[in-house]
Amino acid sequence: MSINILAIESSCDETSAAIISDGKVLSNSIFSQQVHEIYGGVVPELASRAHQKQIITIVDKAIEQSRTSKKDLDAIAFTCGPGLLGSLLVGVSFAKGFALAAGIPLISVNHMQAHILAHFIDEPKPSFPFLCLTVSGGHTQIVRINDYLDMEILGETRDDAVGEAFDKSAKMLGFPYPGGYLIDKYARGGDPYRFIFPKSDIPGLDYSFSGIKTAVLYFLRDQLKADEKFIKKNIHDLCASIQHTLIEMLFDKLILASEMTGITEIAIAGGVAANSLLREKISFKQKSGWKTYIPKLEYCTDNAAMIGIAGYFKYLRKNFSDLTVSPDARMQF
Ligand code: KG4
Ligand code: ZN
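This is the structure we're talking about:
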C-alpha cells in the first residue's frame, strides 16, 4: 500500500498543492499571484485574499493531475511557518477542514526545512551530514543537515535576505516585483567588474545585505543626476555587477562554512537558488572536491512538492499535529 500525501503551500505569494506518493511527486500545481507586481512587493492582505480565492481550484487540479482521488489520501501536510500570517492561515484552515472531513492526520511543515528537503525528491540525493545554502526572498541561511528532520543553522542574515537585496536593487533599476530573475536575465553579457559595490564585512558565518542596497541607491542617485539615461545605457553592466557582488558574498561564507565543518557535500535551495551565476559557481566547485546538489528550477521557488516530501518524512515518524495547531509566522527549526 502506498502512502499518499496532499501537501499545501501558502506562506507567501504562491498558492500550491501537490500529491506525493511514497516520496514521489505525482503532481505539483502552482498559482503565482500577479496582483503584487505593481506594488513593488507582496501586499499581505492581497496575498491572503488571493490564496482564499485559489486554494480549492489548485487542490482539485493537483488531485486530478495525480490520477488519485480524495479517498486515497493518507495525510495532509501544510506549511505552518515561517511566512505571512494571513497567508499561512488560509492553508492551515483549509488543511484542518480537509483532515477533519477525510478523517486523516495533519502534518505541520516548516517552510525552510521543506526548501532543503526538496533535494530528496529526485536523484542524486545528498548524504548526511551536508550543508545547504538556503536563499529566498525572506531568508538567507547556511544550514547543517544531520538527518531529514535534524538541522542546525550555522549562519544567517542579520538584516535583509539576499532575495530582498535582489528585489530591491531590481526595483531601483525600474523592474517590476519580484525582479531577482530579471537581474539574472539582464546580467547576461554584462561586465560584472564595471561597477564595484562594497561587500559587508561581518565575521563568522552571518550575512548582511542592507549595506549593498544603500550603496546601489546612492550610486544610482549620483549617476542619474549627471545623466538621466544612466540606467538604460548601462543596464547589463549594472545587473551583472550587482549580481556578482551578491553571489560572491553568498559564496565566500559557504566556502568558509565548508572549511570550518570539513563538510564537502553542499546543496543550495530556495528561490535565489534559481540564479544562473550561483548555479554555475556551485557546479564549478565540483572540480575542487565538493559534491554539489542543485535543485530543479521548479523546486527552487515556492511549491507544495517540497512540503509534501517533508510531510512524507514526518509521516514515516508518525509526527502528526492535532486540530489545535496554529500558523507560526516566525517558526524556527
Ligand atoms: O523561495 P522563494 O520562492 O520565496 C520565499 O520563500 O521568499 O524565493 C523568492 C525569491 C525572490 O526574492 C526572487 O526575486 C528570488 O527568489 N529569485 C531570484 C531568481 N529567481 C527567483 N533571485 C535571483 N536570481 C534568480 N534567477
Ligand atoms: Zn520559500
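So the sequence shown is numbered by this note's numbering: it starts at 1 and just counts up by one.
For glycine and all other residues, C-beta sits at the position ideal for the given N, C-alpha and C.
- Every beta strand (DSSP E) stretch that sits fully inside the segment 252-328 and reaches 3 residues is listed by chain position as 265-269, 291-293.
- Short of 7 Å from the beta carbon of K96, and not among the five residues preceding or following it, lie these beta carbons of its own chain, in chain order: L106, L323.
- In the structure shown, the three-state DSSP call for Y39 is helix.
- When the five nearest sequence neighbours on each side are left out, the beta carbons in the same chain lying within less than 7 Å of the beta carbon of M172 are those of V216, L217, L220, in order along the chain.
- Near the ligand ZN, meaning a Cβ closer than 5 Å to any of its heavy atoms, lie the following residues in chain order: S136, D302.
- In the structure shown, Y193 falls within a coil segment according to DSSP collapsed to helix, strand and coil.
- In this chain, R144 is not harboured by any alpha helix (DSSP H); it is covered by the beta strand (DSSP E) spanning 140-147.
- By the neighbour-count definition (other C-beta atoms within 10 Å, threshold 16), Q243 is a buried residue.
- G40 is positioned such that its CB atom lies closer than 9 Å to that of P176.
- Where M1 is concerned, there is no enclosing alpha helix (DSSP H), because DSSP gives it neither an H nor an E.
- Taking a cut-off of 8 Å for Cβ pairs, the segment 122-130 and the segment 259-271 touch, as three or more such pairs fall below it.
- Collapsing the DSSP output to three states places I19 in a strand.
- Per the DSSP secondary-structure output, F78 pairs in a beta bridge with I8, S108.
- Proximity of the segment 3-15 to the segment 54-61 meets the contact definition, three or more beta-carbon pairs being nearer than 8 Å.
- Close CB contacts of I8 within its chain, under the 8 Å cut and outside five residues either way in sequence, are with S16, A17, I55, V59, I76, A77, F78, T79, G91, F94, A95, A304, I307 (chain order).
- Looking from the CA of F197, the closest CA among L149, K232, E248, K225 belongs to E248.
- Here G211 carries a helix assignment [DSSP, helix/strand/coil].
- In the DSSP assignment, K24 falls within the beta strand (DSSP E) that extends over 24-32.
- Secondary-structure assignment with DSSP links V135 through a beta bridge to T140.
- The closest heavy atom of the ligand KG4 lies 8 Å or more from the beta carbon of E280.
- Taken atom to atom, the span from the alpha-carbon of P295 to that of T157 is near 22 Å.
- If you draw a straight line from the Cα of G138 to the Cα of L73, it is about 32 Å long.
- For G271, the Cβ falls inside the 8 Å cut-off from some heavy atom of the ligand KG4.
- The closest CA to that of C300, considering only I5, F120, V35, is found on F120.
- Using a C-beta cut-off of 8 Å, the segment 221-239 makes contact with the segment 176-189, since at least three inter-stretch Cβ pairs fall below that distance.
- Beta-carbon to beta-carbon, V162 and L85 are separated by about 23 Å, too far to satisfy the 8 Å threshold.
- At a cut-off of 8 Å, the beta-carbon of S283 does not count as near the ligand KG4: no heavy atom of the ligand is closer than that.
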